[in-house]
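A.B. asks: If you scroll down you'll find the structure; I have some questions about it.
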Amino acid sequence: MSTTHRLLCIPFWLAVFMGALGYVMTFVPGSECGWFIVVAALSLFGFFIPKTFYRGAAMLLLVLSIIAAVRGFGRGVEYYEGAAIHQTTK
Numbered sequence: 065m066s067t068t069h070r071l072l073c074i075p076f077w078l079a080v081f082m083g084a085l086g087y088v089m090t091f092v093p094g095s096e097c098g099w100f101i102v103v104a105a106l107s108l109f110g111f112f113i114p115k116t117f118y119r120g121a122a123m124l125l126l127v128l129s130i131i132a133a134v135r136g137f138g139r140g141v142e143y144y145e146g147a148a149i150h151q152t153t154k
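Under the numbering used here, residues 65 to 154 are what the sequence shown spells out, in order.
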């Protein structure tokens, strides 16, 4: 593997680490949307590595992080709507 491809592995493995970390840590409702958008953006570097393993892993990580970002956005909307309703009933 050339030096360029090795340098492309750095942000890809950072995305893998951040993705794994994102699934085990606790967020304020809605903030995981931003976290997983960053993971999805970093996973795009895997598409430029000319090995099938990296491209497949990048695709899987991209899909999972987009799903997690959408779920996080939905949780944030529900949380803030519930907080607004709760605050108006006091």
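Ideal Cβ positions, reconstructed from N, Cα and C, are used throughout, including at glycine.
#1: For Leu106, which residues in the same chain have their Cβ closer than 8 Å to its Cβ, ignoring the five residues on either side in sequence?
#2: Below 7 Å between beta carbons: does that hold for Phe112 and Leu72?
#3: Please look up how many angstroms separate the CB atoms of Arg139 and Gly94, rounded, as I've assumed it's under 8 Å.
#4: In chain order, which continuous runs of the alpha helix (DSSP H) of length 4 or greater are located wholly inside the region 65-151?
#5: Assuming the contact rule is C-beta atoms closer than 8 Å, Ala122 and Phe100 should be a hit. Round their C-beta distance to whole Å, please.
C.D. replies: Let's see:
#1: These residues qualify, in order along the chain: Pro75, Phe76, Leu78, Ala79, Met82.
#2: Taking the C-beta atoms as reference points, Leu72 is found nearer than 7 Å to Phe112.
#3: In this structure Arg139 is in contact with Gly94, their Cβ atoms being roughly 6 Å apart against a cut-off of 8 Å.
#4: You should have 67-88, 96-107.
#5: About 15 Å separates the two Cβ atoms, so there is no contact after all.
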